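> In the UniProt record's numbering, the protein residues as written are 1 to 281.
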Amino acid sequence: MRKDPQPYAWVKKIPESIAKADTIPLLGDLPPFPWEDLAENLKNLLEFQSLEIVPSEFVWAEEGAATKGMGSPLSIVKFSIASLEGNVYIAIPQEEIRKIMDLLLLKGSEPAPIDDDFQIAFLDFLTLEVMHAVRQIDYPPNLLPRLEKNAEMPNTPMLVMNLTVTADSFVFSPRIMISEEMNRSLKEHYVKSKENAVFKRPLSDQCDVIVHLEAGKTTLSQAQWKEVKPGDFILLDRCSLKPGENSGTVTLTLKGHPILRGNIQDANIKILENPLFREDH
1 MRKDPQPYAW
11 VKKIPESIAK
21 ADTIPLLGDL
31 PPFPWEDLAE
41 NLKNLLEFQS
51 LEIVPSEFVW
61 AEEGAATKGM
71 GSPLSIVKFS
81 IASLEGNVYI
91 AIPQEEIRKI
101 MDLLLLKGSE
111 PAPIDDDFQI
121 AFLDFLTLEV
131 MHAVRQIDYP
141 PNLLPRLEKN
151 AEMPNTPMLV
161 MNLTVTADSF
171 VFSPRIMISE
181 EMNRSLKEHY
191 VKSKENAVFK
201 RPLSDQCDVI
211 VHLEAGKTTL
221 SQAQWKEVKP
231 GDFILLDRCS
241 LKPGENSGTV
251 TLTLKGHPIL
261 RGNIQDANIK
271 ILENPLFRED
281 H
């Protein structure tokens, strides 16, 4: 018996990760993480000559694709955050763990066969050192991670960030993965925090604050930034101003957090919307 064709059967389904990527911002109003401070603490704790951590932007990974491209086998560490739902995972190739062991323990000597149990114990040690370094930086204590025993990771969509860690000229590539539940909890928490902020009327009417205008963006490593001098020409990855004209869109930020979007017109700024508008709707 001949079946009638389904209407719009030819329409391709857009991956859910693409739709989620339109959420702005991906993690709500989460405070920016001080990667440079963490790198400095780890360098001192592990006695490296130099250590640099360069994070990528967060992107959504589809179901089952959170560790795609990392190779195998992988070691995965699981964390939770008090009062928030969901988990944070860090994955790193086991081959890179062995390289870190050689770097820290052998100090350039000839590599020797390493027992699997010893490698597991070393990963535990390395995880505790990283957590200790995180606790020493200036970051909200309610966001500090807690180590979980069961490191099994669900096969669900994840928000992922790749890290490029350069330690004494050796490069490692761990990946941070945030579950959907944790992502939702973080956004809800910081929206509520903003609603309960002390800067409300009438107190807010009496406070003067410095508001910054952001019209462009670029990414530089810590080493590159140290070489920048006044008068240097830096190419932007993105610019919202029209070349040769005093017009375009800008983002108004307060202490690094986006608060409003605006449009420059006739030497004035016209407020357009709250940057969380699309997230709330």
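Idealized CB from N, CA, C, for every residue including glycine. Since the model is a prediction, treat every value here as computed from it, not as a measurement.
#1: Report the option in Asp37, Arg261 and Leu254 whose CA atom is closest to the CA atom of tyrosine 139.
#2: With a threshold of 8 Å, are at least 3 pairs of Cβ atoms found where one atom belongs to the region 90-99 and the other to the region 155-174?
#3: With distances taken between CB atoms, is the gap from residue 296 to tyrosine 190 smaller than 7 Å?
#4: Exposed or buried, which one is proline 145 when buried takes at least 16 other CB atoms within 10 Å?
#5: Determine the extent of the alpha helix (DSSP H) in which glutamine 94 is found, giving its start and end residues.
#6: Going by C-alpha to C-alpha distance, which of Glu85, Gly248 and Asp124 sits closest to glycine 216?
#7: Please state the DSSP three-state secondary structure of alanine 91.
#8: From isoleucine 271 to glutamate 214, what distance separates their C-alpha atoms?
#9: In this structure, how does DSSP classify asparagine 155 when only helix, strand and coil are distinguished?
#10: So, at 7 Å on beta carbons, what are the nonlocal neighbours of alanine 151 in its own chain, with the 5 sequence-adjacent residues on each side left out?
#11: Suppose the cutoff is 8 Å on Cβ atoms and the five residues either side in sequence are ignored; what does the same chain contact list for valine 228 look like?
#12: Quick one: grab the DSSP three-state call for asparagine 268.
#13: On a Cα-Cα basis, can you pick out the residue from Arg135, Ile137 and Met131 that is closest to leucine 147?
#14: Measuring only the C-alpha atoms, how far is proline 230 from glutamine 224?
#15: Taking the straight line between their C-alpha atoms, what separation do you get for residue 336 and leucine 159?
#16: How is isoleucine 178 classed by DSSP in three states: helix, strand or coil?
#17: Between Pro243, Asn263, Ile178 and Ser80, which lies nearest to glutamate 57 when the distance is taken from Cα to Cα?
#18: Have a look at alanine 267 and glutamate 245 and give me their C-alpha separation to the nearest angstrom.
#19: Is it true that the CB of glutamate 85 sits closer than 7 Å to the CB of glutamate 180?
#20: Does DSSP put isoleucine 81 in a helix, in a strand, or in coil?
#21: Please give the ranges of any beta strand (DSSP E) in the region 205-254, keeping only runs that are unbroken, at least 3 residues long and fully inside the region.
#22: Is isoleucine 92 closer than 7 Å to proline 174 when the C-beta atoms are compared?
#23: Closer than 6 Å by C-beta to phenylalanine 122: which residues in its own chain qualify, once you throw out the five before and the five after it? Chain order, please.
#24: Between glutamine 136 and asparagine 44, is the Cβ-Cβ spacing less than 7 Å?
Inspection of the coordinates gives the following:
#1: Against the sequence shown, residue 139 aligns to sequence position 139. The candidate whose alpha carbon is nearest that of tyrosine 139 is Asp37.
#2: These segments touch.
#3: One cannot answer for residue 296 here, as it falls past the ends of the chain, which runs 1 to 281.
#4: In the sequence shown, the residue the question calls residue 145 occupies position 145. Proline 145 counts as buried, since no fewer than 16 other beta carbons sit within 10 angstroms of its beta carbon.
#5: Reading the sequence shown from its first residue, position 94 is the one you call residue 94. Segment 94-101, the alpha helix (DSSP H) holding glutamine 94.
#6: The residue you call residue 216 lines up with position 216 of the sequence shown. If we check each option's Cα against that of glycine 216, Gly248 comes out closest.
#7: Here residue 91 is taken as the residue at index 91 of the sequence shown, counted from 1. Here alanine 91 sits in strand by DSSP.
#8: In the sequence shown, counting from the first residue as 1, residue 271 sits at position 271. In the sequence shown, counting from the first residue as 1, residue 214 sits at position 214. In a straight line, the C-alpha of isoleucine 271 is about 14 Å away from that of glutamate 214.
#9: Taking the first residue of the sequence shown as position 1, residue 155 is located at position 155. In this structure, asparagine 155 counts as coil in the three-state DSSP scheme.
#10: Along the sequence shown, one-based indexing puts residue 151 at 151. So the list reads Ile76, Val77 and Lys78, once near-sequence residues are dropped.
#11: Position 228 of the sequence shown holds residue 228. Leu220 and Ile234, listed in sequence order.
#12: The count along the sequence shown starts at 1 and reaches residue 268 at position 268. If DSSP states are grouped into helix, strand and coil, asparagine 268 belongs with the strands.
#13: Working through the sequence shown from its first residue, we reach residue 147 at position 147. Closest in C-alpha terms to leucine 147, from the list Arg135, Ile137 and Met131, comes Met131.
#14: For this step, residue 230 is matched to residue 230 along the sequence shown. For this step, residue 224 is matched to residue 224 along the sequence shown. Our two residues, proline 230 and glutamine 224, have alpha carbons roughly 14 Å apart in a direct line.
#15: Absent from the structure is residue 336, since the part of the chain shown begins at 1 and ends at 281.
#16: As a working note, residue 178 is residue 178 in the sequence shown. Strand, per DSSP.
#17: To locate residue 57, count along the sequence shown from 1; it is residue 57. Checked all of Pro243, Asn263, Ile178 and Ser80; the closest Cα to glutamate 57 is Ile178.
#18: Numbered from 1 along the sequence shown, position 267 holds the residue referred to as residue 267. Numbered from 1 along the sequence shown, position 245 holds the residue referred to as residue 245. Here the C-alpha atom of alanine 267 lies approximately 11 Å from the C-alpha atom of glutamate 245.
#19: Locating residue 180 in the sequence shown gives position 180, where the first residue counts as 1. Locating residue 85 in the sequence shown gives position 85, where the first residue counts as 1. No, the pair does not count as a contact, with Cβ atoms beyond the cut-off.
#20: As a position in the sequence shown, residue 81 is number 81, starting the count at 1. Isoleucine 81: strand per DSSP, three-state reduction.
#21: Counting only runs of 3 or more, we get 212-214 and 248-254.
#22: Mapped onto the sequence shown, residue 174 falls at position 174. Mapped onto the sequence shown, residue 92 falls at position 92. Proline 174 places its beta carbon less than 7 Å from that of isoleucine 92.
#23: As a working mapping, residue 122 is identified with position 122 in the sequence shown. Hits under 6 Å: Met101.
#24: For the purposes of this step, residue 136 is taken as the residue at position 136 of the sequence shown. For the purposes of this step, residue 44 is taken as the residue at position 44 of the sequence shown. Inclusion of glutamine 136 and asparagine 44 in the CB contact set at 7 Å is not warranted, their separation being larger than that value.
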